[in-house]
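Here is the structure we will look at.
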Amino acid sequence: MKTILVIEPHEEHKAPLEEAIKLSGEFNVIFFSSLSEFYDWLKKHLEALKAKQEEAQKITEIPLIIADSHAMKSVSTELLKKTKLMFVQQGLCSPENPLLFLITSFDDPDFESSKYFDPIYANIIYKPYDKLLLKEVLKYALEGRGPLSADLYEHKTTAYIELLKDVQICAISELGFKTTSKEPIRLGKAARYYSPLFEGNGIKSVFAYCTKIDEVSGKPEPEKNKKSETQAKDNSYLCTFTFFGTSREQLSVVRRNIRNFKAHETITLPDPYSDSSTPTVPVTKKGVIIIQKDPVVTQRFEEIVSTHFTNVEIISVKSLYHLSQYLPPEKRKDLPKPEREEALPDAEKYVIKFDKAAEFITDFHALIDSKEVPIERAFSIDIEDVKGESYFLRTLVNIDSYKELILFIKKNKPLSNVDITFKYEGDETAQIKVLESEHVTDAGNDYFTFTFRLLTDEEIFEKSNFENTLFNYLEAVFIDDTLFNEDRFNSVKLVIEKLKTSDSETVKYCGIHNQSIHNYELLEKMSFLDDYFCTPLDNFYLSRKLKQIFPQWKASDKEPLSQLGYDVDTTIKVALPLQIESIAESLLIFNYHRRLKAGEMRGFVLNSPGEKDSPEIKAMYNYGDKTGDDTVKCFFVLFGIRDFQLKHIRRWIKSQYIQSKK
């Protein structure tokens with residue numbers, strides 16, 4: 000008869016095991032209270048088999064030994080492998096389905112589950128037992144290496160999870176890290192990376208992308224020290240990664256972890272203008288455009304750049320429409336129509352009525368109340384006379400018709416043949432030409448009336464001094480979230496290509512937004528960007544990062560640009576997005592590009608929007624079934640699932656189920 004051996008020193012845990020085993024099939028169960036008791040029995044049993052005693056021969060197969068981790072603490076994995084081989088040789092298990100060990104343990108935080116990451120172990124199950132999970136774990140252990148199905152609820156889904164893979168790193172800094180690899184990483188490739196080096200405040204990971212690949216031969220990088228070089232020699236490539244879309248909170252975590260390492264040091268960023276080992280590099284101007292609707296962000300960006308760099312010129316605009324105004328009319332013809340609200344309809348004339356008495360009114364809200372005018376929209380407007388006259392006014396606009404604008408101007412002066420620019424809420428503009436102006440007295444009140452029309456694109460370009468040499472050396476464009484979609488971004492690139500004066504210039508596009516990159520949906524959305532910065536902008540990080548991205552920007556002599564970092568010889572985990580087919584509390588099924596070795600261990604993360612700290616979940620490869628030329632259907636058994644992980648899995652499945660019903 001098939002027999003399962005159980006080494007369990009605690010009496011109260013024997014009954015649940017025996018009950019679960021009986022539910023799993025026709026098995027005989029033999030309990031031992033200690034490892035020595037098991038060895039005594041095994042010695043006698045082998046002698047009885049050799050003597051061909053009838054009682055010993057009733058045990059036809061021993062497929063599984065369930066053993067308490069504390070009772071087995073003195074036994075190495077290598078010794079258990081020898082035991083498995085002996086069982087096969089003695090006919091106690093078959094070569095096709097050899098002996099496996101199922102480890103039981105209390106859910107102690109100090110328990111080292113990694114000790115049992117070997118194909119000889121079927122799983123780890125924690126006490127007190129979850130009866131349903133225990134039954135499922137026993138089922139998989141006894142079914143052997145083959146396709147599996149869950150008796151528990153198995154959720155069919157096309158959701159993405161993360162498959163974790165170890166990556167060797169040799170250095171870390173406040174801007175990123177360096178990895179060693181036998182294969183080159185694609186430049187610009189972005190992914191999520193997990194490590195205690197990035198851990199704190201509920202954060203365990205960062206997104207980063209590859210900026211540089213060095214084949215480990217020849218002259219080392221200037222900022223790389225001897226330890227990094229030595230570590231990299233065993234590999235073919237040294238790859239530099241920099242953070243992508245990292246929040247100030249995440250950056251603070253990385254800095255704190257680096258500062259807590261006693262051997263950290265200050266690393267000066269490479270500068271072609273100060274490196275004595277290279278020929279003198281001529282300082283040339285570098286042009287930057289920032290398209291940003293928030294003036295506070297623009298101001299902060301300009302302050303940081305002007306403080307830390309001496310050869311960078313910036314043009315700031317508030318929208319794609321404003322950027323397009325730098326183009327002459329003939330180059331605007333094939334541009335998409337700007338997404339802007341027109342202040343006034345085209346090709347018509349309207350009358351502005353100016354109340355002379357309004358020059359004494361300073362409180363706009365009091366003005367609205369006193370006039371008792373039905374208001375559907377109220378906001379501030381600047382008027383700028385192109386010829387140099389400047390006025391400030393407030394306006395009440397009838398949004399339904401725009402037929403009449405009542406302007407309250409502090410300067411009593413009729414206007415005629417003057418071009419005026421209206422800048423209104425939303426940072427959009429409308430430019431008009433005043434055709435006629437007339438002073439009118441009506442019922443004792445003095446007015447000026449204005450008849451006007453919108454300027455044409457040709458007139459706007461002719462009257463505006465938009466010629467700027469910056470486009471001769473344009474190097475970077477920083478854009479805000481209003482342009483974070485494919486169509487609008489392509490419009491930005493189209494305008495930039497028309498503005499550039501040299502086809503050989505390469506322009507980098509960087510995003511600025513208040514949301515950090517924390518999931519793959521956002522990463523995919525921002526994939527067209529060369530880099531991505533979170534607001535509020537971090538002075539230290541932005542200045543150093545810009546120097547890293549744009550090495551030809553000349554750093555100010557006031558402050559050398561440096562960062563903290565240190566050499567390290569450890570592994571971090573890269574997360575690869577993986578679409579799954581189904582998941583249960585004990586099982587994971589998905590298609591993969593290759594077959595794995597039975598018993599291989601992998602780490603997975605089930606990210607949930609509502610949970611900042613999603614735990615890593617280990618799973619053991621059980622079987623692969625080839626489904627096509629390039630895919631293998633993989634069956635993974637969730638391994639050593641603790642209570643908090645089980646609860647997380649249940650919440651994740653529930654969340655996916657709810658999403659599927661919407």
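For the sequence shown, numbering that gives the first Met the number 0 begins at 0 and goes up steadily by one. Heads up, the beta-carbon is just placed ideally off N, CA and C, and yes, glycines get one too.
On the criterion of 16 or more Cβ atoms from any shown chain inside 10 Å, does Arg543 qualify as buried, or is it exposed? buried
Please name the residue in Ile6, Leu162, Asp150 and Lys43 whose C-alpha comes closest to that of Phe100. Ile6
Touch test, the stretch 99–114 against the stretch 553–567, Cβ-Cβ under 8 Å, three pairs minimum: no
Whole angstroms are fine: how far does the CA of Leu132 sit from the CA of Leu151? 8 Å
Coarse secondary structure for Phe483, derived from DSSP in three states: coil
Could you have a look at Glu264 and say whether DSSP puts it in helix, strand or coil? strand
Ends of the beta strand (DSSP E) at Phe31? Asn27 to Phe31
Going by C-alpha distance, which of Ala66, Asp106 and His307 is nearest Tyr540? His307
Can you give me the C-alpha to C-alpha distance between Glu214 and Asp165, rounded to a whole angstrom? 20 Å
If you measure from the beta carbon of Pro535 to each beta carbon in chain B, is any gap under 9 Å? The structure shown contains no chain B; it is built from a single protein chain.
Span separating the alpha-carbon of Pro15 from that of Pro146: 27 Å
Consult DSSP for Gln551 and reduce its assignment to one of helix, strand or coil. coil
Pair within 9 Å by beta-carbon distance, Leu637 and Lys617: yes
Pro62 beta carbon less than 9 Å from that of Asn96: yes
Nearest neighbour of Gly175, chosen from Glu182, Arg185, Phe197 and Thr241 [CA to CA]: Thr241
Element boundaries [alpha helix (DSSP H), containing His44]: Leu34 to Lys49
Along the chain, where does the beta strand (DSSP E) containing Leu575 start, and where does it finish? Ser561 to Ile582
Using DSSP with H/G/I as helix, E/B as strand and the rest coil, what is Thr468? helix
Using alpha carbons as the reference points, say which of Ala66, Asp568, Gln56 and Ala55 lies closest to His9. Ala66
Tell me, to the nearest whole angstrom, how far the beta carbon of Ala662 is from that of Phe243; I am working on the premise that it is less than 8 Å. Lying before the first or after the last residue shown, residue 662 is absent from the chain, which here runs from 0 to 661.
With three or more C-beta pairs closer than 8 Å as the rule, is the stretch 122–129 touching the stretch 639–651? yes
Which residues mark the beginning and the end of the alpha helix (DSSP H) in which Tyr128 is found? Premise fails: Tyr128 is in no alpha helix (DSSP H) and is neither H nor E.
For Ile58, which three-state DSSP category applies? coil
Does the Cβ of Arg255 have 16 or more other Cβ atoms within 10 Å, making it buried, or fewer, making it exposed? exposed
What number of angstroms, rounded off, separates the C-alpha of Phe603 from the C-alpha of Lys625? 22 Å
Whole-Å CB distance - Glu584 paired with Arg649, under 8 Å assumed: 7 Å
Does the beta-carbon distance from Cys509 to Thr245 come in below 9 Å? no
Cβ pair count under 8 Å reaching 3, the stretch 523–531 against the stretch 471–488: yes
Ser585, DSSP secondary structure in three states: coil
First through last residue of the alpha helix (DSSP H) which encompasses Lys644: The sequence as given places Gln at residue 644; Lys does not occur at that position. Start and end: Asp642 to Lys660.
Go to Phe197, then tell me how far its beta strand (DSSP E) extends in each direction, as first and last residue. Taken as a continuous stretch (DSSP letters only), Phe197 belongs to no beta strand (DSSP E), as it is neither H nor E.
Beta-carbon gap between Val613 and His592 smaller than 9 Å: Note that residue 613 is Ser in the sequence shown here, rather than Val. Not a contact, by the Cβ cut-off of 9 Å.
Supposed close pair Cys238, Cys209 - CB separation, criterion 8 Å: 5 Å
Here's the rule I'm using: 16 or more other beta-carbon atoms within 10 Å means buried, otherwise exposed. How should Gln88 be labelled? exposed
State the beta-bridge partners of Gly623 as determined by DSSP. Cys633
With DSSP run on the structure shown, which of helix, strand or coil describes Thr156? coil
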